[in-house]
Every structure is written in structure tokens, then in C-alpha cells.
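Each remark here refers to the structure printed beneath this line.
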Amino acid sequence: MLGSRMNWQRWVMMLPAIIFFGAFALVPMLVAVYYSGLRWDGVSKATWVGLFNWTHAFASGQAVHSLWLTVELMVLCWLLQNPLSLVLGVFMAGKQRHRTVYGVVYFIPLLFSAVAIGITWSYILDPEFGLIDSLLKAVGIGNGTENWLGNPHLAMFVVACIIAWQFIPFNSLLYQSGVRQIPASLYEAAMLDGAGPLQSFFHITLPQLKYTIITTTVLILTGTLTYFDLIYVVTNGGPGDATEVLAMHMYKEAFTNLNIGAGSVIAVILAAAGLLLSILILKFTGFNRMESQMEGS
Amino acid sequence: MTTMGSQNSGVQQMPPRHRARKRRITGHGIAFTTFGTIWLIIAAYPLLYMLMTSFRTQNGYLTGKPWLPPANPTLSNYAQVLQSGFFHYFLNSAIVSVCSVVLIVLFALLLAYVIVRSQSRTVRTVFNVFLVGLALPIQAAIIPVYILINKLGLYDTLIGMILPMVAFGLPLSLLILVNFVRDIPNELYESMGLEGATDFQIVRYLVAPLSAPALVSVGIYEFIQSWNNFLFPLVLTQSRSVQVLPLAIVQFQGEHTIDVPVTMAVVLFSALPLILAYIFAGKYLRRGMLAGFGK
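In order, the protein sequences belong to chains A and B.
Mapping the first sequence onto the working numbering, position 242 (from 1) lands on 416, and the numbers just tick up by one.
Mapping the second sequence onto the working numbering, position 118 (from 1) lands on 144, and the numbers just tick up by one.
Written out as C-alpha cells, the structure reads:
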């Protein structure tokens, strides 16, 4: 009889996943560390230059600049997405029919790829024929020629808004299911104690959603850390380098400037940041507890 | 009414209490409904713009009001999409996505079964490594993957895209399936084992059918991921013959910067299978999108 012992069949069953993950994910991550010490265009012979790429990346300020832009985007995305998703999720948790219909529409942007969304929004924001500028002009606000994505002071914020447009519905679905799991008896008890809707919201809904807030925060932060597709399409890192976040910077170094070493430095920073973020979240928020809570529900 | 009272006394006191509660919820509801409606407009209007623009003539786009429906709607943009080889890109996307999903689901299920059923320390370590893999971004590995695919002679092929997509799809699928397979009662394994079934037979006739709902969710999630993936095709392909949709629409937009209506038709065409799936099986699609993140 089959117990918990390993046998040859079980080893065979494990192999495909291990081989694929090892060869195309895990080993490449480690190889990136080695590449970060090379001067190499990917074709000709590589030379080992030690820490040169690292010191150069930080001395030239480019890597630091991209790192700050990435942090800025993460903060913007969190601020734009989390509060709005929460309110929308509470709304969608209601059982009324119109809320269900609304929810169906909210979800549609998630069906499109980030590049499809990016292309559409770059037309909506177009300073000549775009929807937004034409509308603003029609109602008499401004002269209708604001170049939203071409303005270095606005570009990052606009990018964060487009990302929010696509992902707020996703996060609010998480909040919706979070709210639906709150026992109704809590609200009934609060009402008997004379609590109004606002008090109920702040004293019951918010604390009960603690783990959902952690989940969405994790997803928003880890997702934004490596955000690439949409930025590639709408600004390509520009204007200038106003939106050249880490992933964008890495792509340009490795695949446009053909500087594999410099690109790998950024890749290693991305991997380290991803791991660090996960460890911090595990440590300070009790993500484990959240998972076991979800399993139990 | 006493604090919580029995069910009966609650019912007796119901009428006044009920009114008060209803009024409160309504007042509360107006603020949420207003917000919900505003978001409905924010969510739907750009989509409507996409749709309206895809039916405009080039002239109508340049001279008309972009927020109104087209004055002379036309289907010629969609005809041009099909003439521009988009059916071919569509097939490429379908091949890549279907192959990736099948391999991911199969490999993850097999590994999940072993992880759940064995106490071996090696297996535990393997699982932990995959969990760490959840935190590692595709972007961090893309440069070595590019070199590796080149060395394997798979640059600019569909297989070259499928291999790393499978690798990066595995960790999350594995996590979801392990949680699901763990819930299968031990007695079922034991009774099959008593009948002399091998591990492969148990997976085939017990685990796979019982985890069907999870397999569907994981499959949908990974399908959307690979259908919309942009980085792998961008870095790993260059010829039109192997182009997949996300790359094809970016390329198309670059070549037709002025022809916005056709580009909008291209964008809508690229999302067609997901839109159709959403219309006919929205519930499953939503469940799939949330796979692993909530219930």
C-alpha cells in the first residue's frame, strides 16, 4: 500500500515541474548575479569586470533615480488603488441587483492586456484628438491641449492612474469577498448599541478587513515593483527619464544598449527587492495567519 | 428588547426596529451608490470609446467629436484587421497559451500530489523553493532566459516562449493546487491504495477528478496570464511569423500611428476570446482571476 514514502513514480512525477522551474526560472535568477559582473553585449566575448557595473550604476545615479521612481510609483499606486478599491468592494458586497450588474462592467478592463490598455489610454490622452482634452475644451476648462503623457511632472501620476483604472476592480473583488465574510451578527450587535453606519464602517468593517487590506497591499506593491508592459507602451520611460522605473531601465540597458552586465545589475536589484518585500510582509503582518484563515473559511 | 434576546422576542419586536434599520442602510447606501455609479462611468466610458472609435472612419476620427458615437459607422476597420494577418497572430497566441496552460496544470498537479502525500524532507524543501519563487519577478530572470533560449536555438520560435511561461506559471498554480489536494480525505487515498492502485492511477482517477474546480480556476488564470504576456514575446521573438497578439498590436500601432480607428479594432480583436469567455462563463472567469488570492 502507498504510504508517505517516496517511490520511483513519485520522483518521476516531481521531475517535470522541477526541471522547468529550475532551468527557466531559478537558475536564470542566479545566472543574473554572475552576468552582473560581466562586460558583455550578449554576442561577442565577455570580460569579467567584477563590481564595475555595480559601482558604475550607483555612481552615475541612473540606478538610484530608477529606484526612486519605482518607489514613487509603488506609493502612488497604493494610495490611488487601496482606498478606492475598499469603498468599491463594500459597495459591490451589497446584494441588490444593480450592484451585481455594475460589478460585471467593472471587471471588463481586466480582460485586456496591459499593452492594449496602454494603447487605448494613449489615444484617450492624446493632446490633439484625445477624448479627455476634447471634453475639457468642450466644457470650457483649459485650452484642450494638455499633453498628459508628455509632461514630465504629470507622466508618472497619469501612468499610476491608468494602472489604477485597470486594477481597482480586481482589488475591489477581493474586498467584496472580504466584506461578505464579515458575520452579520457584528453589525446587528453594533446597531443595538446605537452605532451609526459610519461608526459601523470604522469599528467593524475596517478592522474585519485587516487581512484583505494586507493581501491587496502585497499584490499592489509586488505588482508595481516590476511594472513594465504599460509603461513601455505609453511613455517608454519618458519624457526624458521621468518614468524610467527599474524594469524599464533594465530593459533599455540590456536590450537597447546591449549592455548585459548593467541590465543584470538592475535585474538582481529587482529580485532582491522582491524577496525583501515578501520577507518584510511575512514578518510584520502575519501573512501566514491570513493564509490559514483563508483556508479555514 | 433585551440585549440579544431569544429568536422569538426578536421577531415580536421586529417592525419598529426593522424600519429604523432600513432607513439607515438606505442613507448609507446613497453615498456608496453614488460612488459606485461614478466608477461605472469611469470604467465603462473608455471601453465605450474603444468600441465607438473602432467603428469610425479615418475622416470621422479626425473631424468628429470623440465622445459621441460615430456619425457614419463602418466595419472596414475590422476587415482591415483580418487582412493585416491578425488571424495568424491570433493562432500563435492560441497555440502558446493552450500549450502553456496544459503543461502548467499537468506539472503542477503531479508535483502537488507528491507534496501532499509524502513526508520526505527533500519534497518539503522543493515546495519551499517554489514558494520563494512566488516572490521572484519574471523581469529579474529575463536576461539569462534570453541568452539560454538563444543557446538552445529556440530564439524566435513559439516553443521558446512557452518554456519560460510554463516555468513562471508553476509556483502560483502549485500553491493553489497543494491547498486543494490537501483537502481530499485520507480515506479515499487509502481505499484506492488497498486496491493496489499506483500513484499515477491515483492522480488520474482520484485526484484529478476531485480537483477539477481548482484545475479549471488555475487553467483560466494561467490562460489569461499567457494570452496577455508581453515581455517574453518582446524579448524572445522578432519575426512576424511567430508574433503573438500583444506584440503584434504594439507593432501595428507603431506602423499606423495616425490610423487610430483600425488600432482600436485591433485592440478589441486581441481581447476577443476573453471577452467571449466573459460573456458566456463570467462566473468561472472571475473565480479564475481571483484564484489563489481569495475566495
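C-beta: ideal position from N, C-alpha, C; glycine also.
This one's a predicted model, so the numbers in the text were calculated from it and none came from an experiment.
Can you tell me whether residue i is helix, strand or coil according to DSSP?
i, result
"M40(B)", "Bear in mind that a pLDDT of 42 at M40(B), under 50, signals an unreliable position, so the number given afterwards is only what the model happens to contain. Here M40(B) sits in helix by DSSP."
"K48(B)", "Any reading at K48(B) is ruled out, since the residue's pLDDT is 43, under 50, leaving its predicted position unreliable."
"R213(A)", "strand"
"W222(A)", "strand"
"W322(A)", "coil"
"V313(A)", "coil"
"Y181(B)", "coil"
"D307(A)", "helix"
"M315(B)", "helix"
"R82(B)", "coil"
"F58(B)", "helix"
"S287(A)", "coil"
"T386(A)", "helix"
"A167(B)", "coil"
"Q264(B)", "coil"
"G368(A)", "coil"
"H230(A)", "helix"
"G280(B)", "helix"
"G177(A)", "coil"
State the Cα-Cα distance for the pair residue i and residue j, rounded to the nearest angstrom.
i, j, result
"K48(B)", "G55(B)", "In this prediction, K48(B) has a pLDDT of 43, which is less than 50 and means its spatial position is unreliable; what the coordinates show is noted afterwards. The alpha-carbon atoms of K48(B) and G55(B) are separated by roughly 10 Å."
"I173(B)", "I434(A)", "10 Å"
"E213(A)", "D182(B)", "Note that residue 213(A) is Arg in the sequence shown here, rather than Glu. Their backbone Cα atoms lie some 25 Å apart in a straight line."
"L383(A)", "F376(A)", "10 Å"
"F116(B)", "W222(A)", "43 Å"
"A447(A)", "Q165(B)", "12 Å"
"A297(B)", "F286(A)", "6 Å"
"L241(A)", "I64(B)", "34 Å"
"K457(A)", "I336(A)", "31 Å"
"Y385(A)", "A70(B)", "30 Å"
"L316(B)", "Y247(B)", "8 Å"
"S123(B)", "T229(A)", "41 Å"
"V261(B)", "I168(B)", "8 Å"
"S359(A)", "T379(A)", "12 Å"
"A329(A)", "L257(B)", "22 Å"
"G86(B)", "Y280(A)", "29 Å"
"F344(A)", "P72(B)", "17 Å"
"T79(B)", "L309(A)", "15 Å"
"V261(A)", "Q255(A)", "10 Å"
"G308(B)", "S243(B)", "12 Å"
"N22(B)", "P287(B)", "The requested residue 22(B) does not occur in the structure, where chain B is confined to residues 27 to 321."
"L302(B)", "S119(B)", "16 Å"
"L299(A)", "T283(B)", "14 Å"
"I130(B)", "Q270(A)", "38 Å"
"A57(B)", "G216(A)", "58 Å"
"P190(A)", "F295(B)", "35 Å"
Along chain B, which residues have their Cβ under 8 Å away from the Cβ of residue i?
i, result
"L347(A)", "R312, M315, L316 and G320"
I want to verify the contact list: residues of chain B whose CB lies under 7 Å from the CB of residue i, in sequence order.
i, result
"R213(A)", "Residues of chain B passing the Cβ test: none, with the nearest at roughly 14 Å."
"L284(A)", "M315"
"L444(A)", "P163, Q165 and A166"
"P381(A)", "Here the premise fails: no neighbours, minimum Cβ distance about 18 Å."
"V278(A)", "G308"
"L432(A)", "Those do not exist, as L432(A) stays about 11 Å from chain B at its closest Cβ, beyond 7 Å."
What span of residues does the alpha helix (DSSP H) with residue i cover, start to end?
i, result
"V270(B)", "It is not in any alpha helix (DSSP H) - V270(B) carries neither H nor E in the DSSP assignment."
"L299(A)", "Run containing L299(A): none; DSSP gives neither H nor E here."
"T274(A)", "R271 to F281"
"T379(A)", "It is not in any alpha helix (DSSP H) - T379(A) carries neither H nor E in the DSSP assignment."
"Q255(A)", "Q236 to A267"
"G352(A)", "A329 to R354"
"F195(A)", "W182 to F195"
"T289(B)", "V286 to S296"
"P357(A)", "Taken as a continuous stretch (DSSP letters only), P357(A) belongs to no alpha helix (DSSP H), as it is neither H nor E."
Counting only Cβ pairs nearer than 9 Å, list the residues of chain B close to residue i.
i, result
"S259(A)", "Those do not exist, as S259(A) stays about 10 Å from chain B at its closest Cβ, beyond 9 Å."
"F303(A)", "Y87, L88, P92 and V286"
"R179(A)", "S144, Q145 and S146"
"W339(A)", "I68, A69 and P72"
"G216(A)", "I169, Y172, I173 and N176"
Mind pulling the chain A residues with CB within less than 9 Å of residue i?
i, result
"Y139(B)", "R184 and M187"
Could you work out which residues of chain A lie near residue i, taking near to mean beta carbons separated by less than 7 Å?
i, result
"V192(B)", "F194"
"Y115(B)", "Near Y115(B) there are no residues of chain A at all, since even the closest Cβ is about 13 Å away, more than 7 Å."
"V276(B)", "V289 and V407"
Which runs of the alpha helix (DSSP H), 4 residues or longer, sit entirely within the region 184-262 of chain B? 184-207, 212-220, 225-228, 238-254 and 257-262
What are the complete alpha helix (DSSP H) segments, minimum 4 residues, inside the region 400-453 of chain A? The region 400-453 of chain A contains these whole alpha helix (DSSP H) runs: 403-408 and 420-425.
Please go through the region 89-165 of chain B and give each complete alpha helix (DSSP H) segment of 4 or more residues, from N-terminal end onward. 102-109, 112-143 and 147-159
Taking beta-carbon pairs under 8 Å, can you tell me which members of the region 389-403 of chain A lie near chain E? The displayed structure is made up of protein chains A and B, and chain E is not among them.
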